[in-house]
């Protein structure tokens, strides 16, 4: 995975983990147009506060990311630590400090030690390479089982433009961002305001439609950097075709990464798409789908391959979606299990149970109230989810 003008490196800095990479650096040869979307949690980690302020300028050139320590709820010392990491990175690279973004993921509430960074950052800069982006994707993993990278190419008025993205996330995942980091890199020439608008749209249609456990992190960050080295006609309001093509590619990458995050959910054995149709408004449809998708009772039923539609309709009933109980239908893939608010019997339940044995399927809830619909992607709750999170700090 390569993008023109971008280099990367990763190393085992010893921030928390032994004998595995936990610190990564991404660097653009030239300053890039940049945009970011950050956590909606009222509790925000130090790097989020720092990055959010710097991102207002719409420019960035480097991203330093660590795993094992979230640098969240660490007070003024945490802000100083984030600033120190930024300063060290800028000085070592020889760039303006305002062009450095920092990101952290890991345990909340523990001081971020600076000594590992002081030793590791110069090493990262010395080892920067064009073919090392995937190493950064591995370095920022916490409870993830697999690295998550994806890339694509589009033609903007005959000029090939590359987009590549990486993400981490496995637990503490809920719509309105998640405990996830996502970095998207492109050689496209594009204005920062347009890039920001396209990123917000992409995030809303991807990362904001997934849930693993209903928790929202303090460190959620999605960033996109576009350095313009492809030499394409600038993507802006005067280039609607390029704007559409780039926007679709960006959203596509984010959707693919979002699904990979859910599929890699902590302890997950099933990928489930919860689709609500026939709602009065898009907002109500999303509320219904989200409430069902993050219900612990529904998710444990998914794990047990139990077609317990009562849990689904009960979750629907506590959402902010209006509906008439006697108009509700529920189907697992193409197996109709509930019609007009009532179960269709043992034979239908047996066919639905067979669907639940699949690794991936769709639950469709019909409301017959309107024409709006929404889909949220989730996974099951297994014994391993409890084990992983019970042992997370040990």
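Residue numbers (UniProt numbering): 1 to 394.
Glycine residues also receive a C-beta, built at the ideal position from the N, C-alpha and C atoms.
Tell me whether residue i is buried or exposed, calling it buried when 16 or more other Cβ atoms sit within 10 Å of its Cβ.
| i | result |
| --- | --- |
| residue 43 | exposed |
| residue 116 | buried |
| residue 186 | buried |
| residue 326 | exposed |
| residue 177 | With a pLDDT of 41 at residue 177, under the threshold of 50, the modelled position of that residue is not reliable, and the figure given next carries that caveat. With 16 or more other Cβ atoms within 10 Å, it is buried. |
| residue 192 | buried |
| residue 157 | exposed |
| residue 244 | exposed |
| residue 173 | Confidence at residue 173 is low in this model, with a pLDDT of 49, below 50, so the placement of that residue is unreliable and no value is reported for it. |
| residue 11 | buried |
| residue 303 | buried |
| residue 155 | exposed |
| residue 419 | A query on residue 419 cannot be resolved here, the shown segment of the chain reaching from 1 to 394 and no further. |
| residue 296 | exposed |
| residue 340 | exposed |
| residue 240 | exposed |
| residue 76 | exposed |
| residue 226 | buried |
| residue 146 | exposed |
| residue 169 | buried |
| residue 349 | buried |
| residue 369 | buried |
| residue 61 | buried |
Answer yes or no: do residue i and residue j have a C-beta to C-beta separation smaller than 7 Å?
| i | j | result |
| --- | --- | --- |
| residue 195 | residue 35 | yes |
| residue 328 | residue 352 | no |
| residue 298 | residue 315 | yes |
| residue 223 | residue 133 | no |
| residue 375 | residue 260 | no |
| residue 221 | residue 82 | no |
| residue 124 | residue 25 | yes |
| residue 366 | residue 281 | no |
| residue 71 | residue 112 | yes |
| residue 293 | residue 364 | no |
| residue 105 | residue 142 | yes |
| residue 307 | residue 356 | yes |
Kindly indicate the opening and closing residues of the beta strand (DSSP E) around residue i.
| i | result |
| --- | --- |
| residue 385 | From DSSP, residue 385 is part of no beta strand (DSSP E) but of the alpha helix (DSSP H) over 383-390. |
| residue 200 | Premise fails: residue 200 lies in the alpha helix (DSSP H), 192-204, not in any beta strand (DSSP E). |
| residue 225 | 221-226 |
| residue 8 | 6-11 |
| residue 61 | 59-69 |
| residue 24 | 23-38 |
| residue 332 | 329-332 |
| residue 160 | 159-168 |
| residue 366 | 360-366 |
| residue 121 | Here residue 121 belongs to no beta strand (DSSP E); instead the alpha helix (DSSP H) covers 115-126. |
| residue 106 | 100-107 |
Quick one: does residue i have its CB under 7 Å from some CB of chain D?
| i | result |
| --- | --- |
| residue 10 | Looking for chain D here will not work: only one protein chain is present. |
Out of the options, state which residue places its alpha-carbon closest to the alpha-carbon of residue i.
| i | options | result |
| --- | --- | --- |
| residue 305 | 138, 22 and 380 | 380 |
| residue 189 | 205, 161, 27 and 48 | 161 |
| residue 385 | 281, 102 and 262 | 262 |
| residue 372 | 23, 285 and 349 | 285 |
| residue 89 | 67, 135, 23 and 107 | 23 |
| residue 389 | 144, 85, 64 and 140 | 144 |
| residue 377 | 301, 312 and 289 | 289 |
| residue 64 | 317, 93 and 76 | 93 |
| residue 20 | 277, 139 and 200 | 139 |
| residue 80 | 45, 95 and 137 | 45 |
| residue 108 | 308, 130, 248 and 218 | 218 |
| residue 110 | 136, 69, 130 and 182 | 69 |
| residue 324 | 40, 308 and 342 | 342 |
| residue 309 | 320, 321, 338 and 283 | 338 |
| residue 266 | 180, 152 and 164 | 180 |
| residue 206 | 287, 255 and 227 | 255 |
| residue 101 | 119, 198, 56 and 118 | 56 |
| residue 9 | 66, 319, 208 and 87 | 66 |
Could you give the first and the last residue of the continuous alpha helix (DSSP H) run that contains residue i?
| i | result |
| --- | --- |
| residue 83 | 75-93 |
| residue 54 | 46-54 |
| residue 375 | Segment 372-379 is the beta strand (DSSP E) holding residue 375; no alpha helix (DSSP H) there. |
| residue 183 | Segment 181-186 is the beta strand (DSSP E) holding residue 183; no alpha helix (DSSP H) there. |
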